[in-house]
Structures are given as C-alpha cells and as structure tokens.
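Chains as they are written, first to last, in our numbering: chain A, 17 to 308; chain B, 621 to 902. We put the beta carbon where it would ideally sit given N, CA and C, even for glycine. Each remark here refers to the structure printed beneath this line.
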Amino acid sequence: MEPCLDIRGLSAVLPNGQRVLRSVSLTVQPGEVRALVGESGAGKTMIGKAVLGVLPKSVRVVEGEMLIEGEDLGRLDAKARRNLIGARTALIPQDPLTALNPSRRIGPQMTDRLVRTLGWSGERADKRIRQLLDEVQIRDPERVRKSYPHELSGGMRQRVLIAAAFAAEPRLIVADEPTTALDVTVQKQILRLIAQLQRDHGTAILFVTHDLGVVAKISQKVSVLYAGKVVEEAETAQLFAAPQHAYTRALIAATPRYTDPYASLKPVDESVLAGLTAEIAAADKDWRPGHG
Amino acid sequence: MDEARIPRRGLSPRLWLAGGWLLLALLAAIFAPLVAPQDPLAQDLMLERLPPFWLDGAEPGYWLGTDSLGRDLLSRLIFGGRIAFIVAFAAAISACFIGSALGLIAGYFGGWADRIISRIVDVWMAFPPVLFAILLVAVLGTGLSSVILAIAIIDWTRFCRVIRAEAMSQARMDYVESARVAGYGRIGIMLREVLPNVLPSVVALLSLEMGIAVIVEAILSFVNLSISTDDPTWGSIIAEGRLSIHQAWWVLVFPLITLILTVLSFSQFGEALKARFDPVLR
Numbered sequence: 017m018e019p020c021l022d023i024r025g026l027s028a029v030l031p032n033g034q035r036v037l038r039s040v041s042l043t044v045q046p047g048e049v050r051a052l053v054g055e056s057g058a059g060k061t062m063i064g065k066a067v068l069g070v071l072p073k074s075v076r077v078v079e080g081e082m083l084i085e086g087e088d089l090g091r092l093d094a095k096a097r098r099n100l101i102g103a104r105t106a107l108i109p110q111d112p113l114t115a116l117n118p119s120r121r122i123g124p125q126m127t128d129r130l131v132r133t134l135g136w137s138g139e140r141a142d143k144r145i146r147q148l149l150d151e152v153q154i155r156d157p158e159r160v161r162k163s164y165p166h167e168l169s170g171g172m173r174q175r176v177l178i179a180a181a182f183a184a185e186p187r188l189i190v191a192d193e194p195t196t197a198l199d200v201t202v203q204k205q206i207l208r209l210i211a212q213l214q215r216d217h218g219t220a221i222l223f224v225t226h227d228l229g230v231v232a233k234i235s236q237k238v239s240v241l242y243a244g245k246v247v248e249e250a251e252t253a254q255l256f257a258a259p260q261h262a263y264t265r266a267l268i269a270a271t272p273r274y275t276d277p278y279a280s281l282k283p284v285d286e287s288v289l290a291g292l293t294a295e296i297a298a299a300d301k302d303w304r305p306g307h308g
Numbered sequence: 621m622d623e624a625r626i627p628r629r630g631l632s633p634r635l636w637l638a639g640g641w642l643l644l645a646l647l648a649a650i651f652a653p654l655v656a657p658q659d660p661l662a663q664d665l666m667l668e669r670l671p672p673f674w675l676d677g678a679e680p681g682y683w684l685g686t687d688s689l690g691r692d693l694l695s696r697l698i699f700g701g702r703i704a705f706i707v708a709f710a711a712a713i714s715a716c717f718i719g720s721a722l723g724l725i726a727g728y729f730g731g732w733a734d735r736i737i738s739r740i741v742d743v744w745m746a747f748p749p750v751l752f753a754i755l756l757v758a759v760l761g762t763g764l765s766s767v768i769l770a771i772a773i774i775d776w777t778r779f780c781r782v783i784r785a786e787a788m789s790q791a792r793m794d795y796v797e798s799a800r801v802a803g804y805g806r807i808g809i810m811l812r813e814v815l816p817n818v819l820p821s822v823v824a825l826l827s828l829e830m831g832i833a834v835i836v837e838a839i840l841s842f843v844n845l846s847i848s849t850d851d852p853t854w855g856s857i858i859a860e861g862r863l864s865i866h867q868a869w870w871v872l873v874f875p876l877i878t879l880i881l882t883v884l885s886f887s888q889f890g891e892a893l894k895a896r897f898d899p900v901l902r
C-alpha cells in the first residue's frame, strides 16, 4: 500500500551549517498514527513543519524527499505544493491560545478554509462545521460558532481546532504536541477525542510529542528522535516491550511512575548521551549534502 | 466554558469627555459662519483688547474678548478650528495610510522588504521633525496642501514602526501558520488574518496623530509658515497673543487652552477606541 506520508533521507541545516535534521526517514501508512518522540530540540516539530511547508526561513532542507500519497513535494512548484498541502493535510497546533485568529469569529474561521481551499459552497461548509463541532462534543455549537476565541477556554479552543483539522477530511494530520499546553485533566479528554475522530475518519496522523504515556495510548508506530536523527523506530507495543536502542531504554526508564515518583524520575544516563554524541559525530564527519 | 459571555463594557467617561469636546469643536468648525458671533477678520480699533466677558470693560457679543486689532477672539478660534481639523484629518489619514501599509509589509514579510523599509524609517527619523517640517514647507511653499503634505511625509514613520512591530508579533502566531498550511496566499494572509489584528493600534495611532498634526500646524503657523496670514489659525493667534501678553493675556491663553484640550482629546479618544476595538480587551 502506498504510504500516506513518506519521508526519505531528509536533512536540514541552519545558516551556520549545523544540521537540525539528519537523514530522517519515516513513513505513515493510511489510517495509521505514527508518534514522533524525543526531547526538546530533537527536531520533532521541525519534521512536522517541513512536511507542511512552514519551516522557519532560517532552516533549509538540503536533501531528501517528502511524498504525500506518492506525490513528491519537491517536484511541485510553490503554488501546486501549497494547494496539495492545503487539500490533503491539516495541522493540530500546540498552543490553542494563539492558533485561532483573535479578531475573527470561530464559525467563519472554520468555514473559510473549506470554502477557499476546497471550493465548497458556504452552506455545505456551514453544515460540515456544525457536524464536526458536534463530533468534538461541544454542547452549544451555535454559541461557539458566534464566539471570538478569547471567549472560549483552552480546552474548548483545542476542540475547535481539532474539529477544524478534521473538517476538510485531510488524509494526513500533523498533531504538534496538541495536549502540551493544556491542563492535565483536559489533556486526557482531548487525547481521547483525537483518537476517536482518527478512528472514525480513518485519518493518518503524525503525532509529535515528548510524552511516552501519550505515545502508548494513541499510536501504532513510533520513531524516537535524538538530535535530529531517528535512533529507533518500531511498533509501539514492541518498543515498550523490547526497546532496542540504549537511548530509548533510558527514555522509558525516565518516565515517572505513580508508585515511586521520586526514584523513577531520573535523567537519561550520561554514558548513553555520550554514546549518542559519538554516533552522531561519526555520521556527520562523512556527511555531504546529497550523499548522506 | 459555559458561563455567559463577558458583558460588553459601556462607553467610558474619558471616551465621553474626549469625544464630546472633539464633537463640539468639530461642529463649531464646520458651521463656523453660523456659530461665530462676529466676523473673525473685522477690525475695529475702538474695540481693541477688550477683556473676556466676566471682567470689567467687556462688551456683549465679544465673549472671549478681542485682540490688539479689535478682532473677536472666539470667532477667530472657531474659524481657526476649521484649518486645524482639515489638517488633522487629511494629514493624519495620509500618514496613516503610507505608514501602516509599509509597516504591515515590513513586519509580515520580513527579510529584504523589512530591511529596506526599516532603513528608510531610520534615516527619516534622524531629522528633527519640526525642523524637517519647516524645511519641507519652505521647499513646497506655504499653503494648506503643503502643510498637510509636510506632516504626512514626516509622520508616516510613527505608524510604520508600531505597525511593523505588531505585524511581526502577529506573524509569528500559530494562526498565521495554520493559514499557510491551509494554502492561503501570503498577501491574502496579510490582509485577512494579520491586518484585522493590528487595526486597533492603527485606530489609536490615527487619533493620536490627529492631535500631533494639530500641534505641528500650530507650530508652523506660529512661525508664519502655514497658510496665508489673513486666515486665523490657532498657531497664528498664539503668535499674536504672545506679543501682547502684558496687555491682553486672554489672546494667548484661550487659543492655548483650545489647542491643549483638542490634542489631549485626540489622544484620549484614540486610547479609548483601542480599548473598545481590541477583541481581547473588549
């Protein structure tokens, strides 16, 4: 089966030549949730942004290919690429507080995209939005549609954003730490909601997170990222049962446990990090863009 | 969140006071020929330096007294308001338009556009504004349109700097990124997503700028560089009042009070409007 998202050997550099992504390869099959875990600065968000074509200007992709349903993004001109990304992908952003335009009402903000990117009629878009708001269990959709973002709570806004992401029936959703900015109690509901909608709509998700608990709950496959390099990838169940890489084992060991919170809260071992650094340095030494 | 929506705040007292004064002054200026008790240009040396109405020796019909040529001060202030308001609106709107457009482009697009526009702003602001205005009017020639043009040419940088900074911070917001993912064009995002969020600042600045334009016009007419000397302007009345301060203080004081009230009202009005239009503060 043709993967929904296929990233092959993607490398990106900063203006000073430092690599932020090191030949990253990963695939997301249709209807599958692939988690992307790693600590802060590992480049997880960068991969998501690269796929959606919204990398910061300072980051430059120097090699590799990204295919969305078999179409090579690199071979399309800017406009065609934007249209393809707009029609087939969606983003569930990290911070629901800044992800909605504060000066526009929720309803038009949500329908706008359907009308302008997909060319739907206003009526059809309206109907669709109502249906989605219902699916994300918003009790009073009429009021929410007429509200401004600041009139809604964080959890409510995240529901709106999830509804907006699924509304256009994208093939792939990039969820960029969608629960990080929320209350712990709300996190769980939101996570359950994403999982529910993912199953119902059969959407593939690239789920960026640093929380292994979230990984275990939502994903079928995992890629573990360290310093822009995929150090391990596996089925989720297998990764937790038998982690292969020392870093993965250390990450799992660092997850706090309710039974013994203080003893289990330990940082990743120095020796593991030293090994990783050596591994990356060795790979960097021979690396030239295009031959990596 | 199921609580009732936050109730809308009513009009604040400062919006009432500032708006009230501006409306009063504006209406007086528009209907000057009907409102003014006397002809502002009629001289009568028999009536020179009459004091305002509550002092001894005041004449009925000359409420705020007369100047050294016997012209009615109140009528001159009312007619002077016409020029003040024309300059305020025309100059501030032109400066706002140029400055906001360039600021939005610089802030949203960044990169080369930002570098070029910001350098121009830096160079522009290196000139002291009032000297720059005097220079410009000297080159353009005196007259209403050159005063307006001079103020617009000088003060667009005010809008440009503020709107650039606002657009920059808005451009970094996730909603702009979401709009890009959704496939909207750059110019579309700038106008539809970013512009509405910088509008409250534009409105506040516009009102503030009107006050500034009133001052600059007064300064220019004070140094006799505004419009023809026949027409009364607040600046020229102040200049005349300064000469006779020891004989007739009112000729200096009343136009000063008018000027200060107007400028203050413009800035307060702008602040109040901003608070009202900002969706987050509302």
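Please tell me whether residue 120(A) and residue 130(A) are closer than 8 Å, where the distance is taken between their beta carbons.
For residue 120(A) and residue 130(A), no; Cβs fall outside 8 Å.
So what does DSSP say about residue 786(B), is it helix, strand or coil?
Residue 786(B) falls in the helix class under three-state DSSP.
Would you verify that the beta carbon of residue 129(A) is, or is not, closer than 8 Å to some beta carbon of chain B?
At least one chain B Cβ lies under 8 Å of residue 129(A).
Output the distance between the C-alpha atoms of residue 260(A) and residue 732(B), rounded to the nearest integer angstrom.
Cα-Cα distance, rounded: 48 Å.
Going by C-alpha distance, which of 847(B), 806(B), 796(B) and 859(B) is nearest residue 109(A)?
Of the listed residues, the one whose Cα sits closest to residue 109(A) is 796(B).
Interfacial residues, the stretch 106-128 of chain A to chain B, with Cβ spacing under 9 Å
Those would be 106, 107, 109, 110, 111, 112, 113, 114, 115, 116, 117, 118, 119, 120, 125 and 128, in chain order.
For residue 248(A), report the span of its alpha helix (DSSP H) as first-last.
Under the DSSP assignment, residue 248(A) falls outside any alpha helix (DSSP H), being part of the beta strand (DSSP E) whose first and last residues are 245-251.
With 8 Å as the threshold, decide whether the Cβ of residue 788(B) is near any Cβ in chain A.
Residue 788(B) does not count as touching chain A.
Could you give the uninterrupted runs of the alpha helix (DSSP H) lying entirely in the stretch 78-109 of chain A, keeping only those of 4 residues or more?
Listed in chain order, the complete alpha helix (DSSP H) runs (minimum 4 residues) inside the stretch 78-109 of chain A are 94-104.
Can you tell me whether residue 191(A) is helix, strand or coil according to DSSP?
Looking at residue 191(A) - three-state DSSP - the assignment turns out to be strand.
Identify which residue in 803(B), 771(B), 839(B) and 857(B) has its Cα closest to the Cα of residue 132(A).
It is 803(B).
Please go through the stretch 132-209 of chain A and give each complete alpha helix (DSSP H) segment of 4 or more residues, from N-terminal end onward.
Inside the stretch 132-209 of chain A, DSSP marks whole alpha helix (DSSP H) runs of 4 or more residues at positions 138-151, 157-162 and 170-183, from first to last along the chain.
First through last residue of the alpha helix (DSSP H) which encompasses residue 59(A)
That residue, residue 59(A), is in no alpha helix (DSSP H); it is neither H nor E in DSSP.
Please list, in chain order, the chain A residues whose beta carbon lies closer than 7 Å to that of residue 798(B).
Think of a sphere of 7 Å around the beta carbon of residue 798(B): the chain A residues whose beta carbon falls inside it are 107, 109 and 115, in chain order.
Alpha-carbon to alpha-carbon, residue 765(B) and residue 158(A)
Between residue 158(A) and residue 765(B), the alpha-carbon positions lie close to 52 Å from each other.
Chain B beta carbons: is any one of them nearer than 8 Å to that of residue 68(A)?
Interface residue, yes.
C-beta atoms of residue 161(A) and residue 122(A) nearer than 8 Å:
Contact: yes.
Rounded to whole angstroms, what's the CA-CA distance from residue 746(B) to residue 885(B)? Just pull it up for me.
For residue 746(B) and residue 885(B), the distance between alpha carbons rounds to 29 Å.
Chain B partners of residue 101(A), CB-CB under 7 Å?
Ordered by position in chain B, the residues that pass the 7 Å Cβ test against residue 101(A) are 801 and 803.
Using a Cβ-Cβ cut-off of 8 Å (strictly less than) and excluding sequence neighbours within five positions of residue 847(B), which residues of its own chain qualify?
Counting only Cβ-Cβ distances below 8 Å, and skipping sequence neighbours, we find 703, 762, 763, 764, 767, 841 and 853.
Can you pull the DSSP bridge partners for residue 686(B)?
Beta-bridge pairing links residue 686(B) to 692(B).
Could you list which residues in chain B have their beta carbon closer than 7 Å to that of residue 98(A), in chain order?
Within chain B, the residues whose beta carbon sits less than 7 Å from that of residue 98(A) are 803, listed in sequence order.
What residues of chain B sit near residue 132(A), judged by a beta carbon separation below 9 Å?
Chain B residues near residue 132(A): 802, 803, 804 and 808.
Taking only beta carbons into account, state which residues of the stretch 727-756 of chain B come closer than 8 Å to chain A, listed in chain order.
Taking a C-beta cut-off of 8 Å against chain A, the contacting residues of the stretch 727-756 of chain B are 730 and 731, listed in chain order.
If you reduce the DSSP assignment to three classes, tell me which class residue 622(B) lands in.
Per-residue confidence for residue 622(B) stands at a pLDDT of 40, beneath the threshold of 50, marking its modelled position as unreliable; no derived number is given.
Look at residue 189(A) and residue 221(A) and say whether their C-beta atoms are less than 8 Å apart.
Cβ atoms of residue 189(A) and residue 221(A): closer than 8 Å.
Coarse secondary structure for residue 627(B), derived from DSSP in three states
Residue placement at residue 627(B) is flagged as unreliable, the pLDDT there being 46, under the threshold of 50; a coordinate-derived value is accordingly withheld.
Which class does residue 746(B) belong to by DSSP, given the choice of helix, strand or coil?
Correct three-state label for residue 746(B): coil.
With DSSP as the reference, label residue 227(A) as helix, strand or coil.
Residue 227(A): coil per DSSP, three-state reduction.
Quick one, are the C-beta atoms of residue 720(B) and residue 892(B) less than 8 Å apart?
Contact: no.
Skipping 5 residues on each side, what residues in its chain have a beta carbon closer than 6 Å to that of residue 673(B)?
Cβ within range, chain order: 683.
What does residue 813(B) reach in chain A if we use C-beta pairs closer than 7 Å?
Annotation: Cβ neighbours of residue 813(B) in chain A (cutoff 7 Å, chain order): 117.
Going by beta-carbon coordinates alone, are residue 118(A) and residue 166(A) separated by less than 8 Å?
Residue 118(A) places its beta carbon less than 8 Å from that of residue 166(A).
Note the first and the last residue of the continuous beta strand (DSSP E) segment covering residue 798(B).
In the DSSP annotation of this structure, residue 798(B) is not part of any beta strand (DSSP E); the continuous alpha helix (DSSP H) holding it starts and ends at 794-801.
Neighbour-count burial assignment, residue 168(A), 16 or more Cβ in a 10 Å radius:
When all chains shown are included, residue 168(A) counts as buried.
Skipping 5 residues on each side, what residues in its chain have a beta carbon closer than 7 Å to that of residue 769(B)?
If you ignore the 5 residues before and after residue 769(B), its C-beta comes within less than 7 Å of the C-beta of 760, all in its own chain and listed in chain order.
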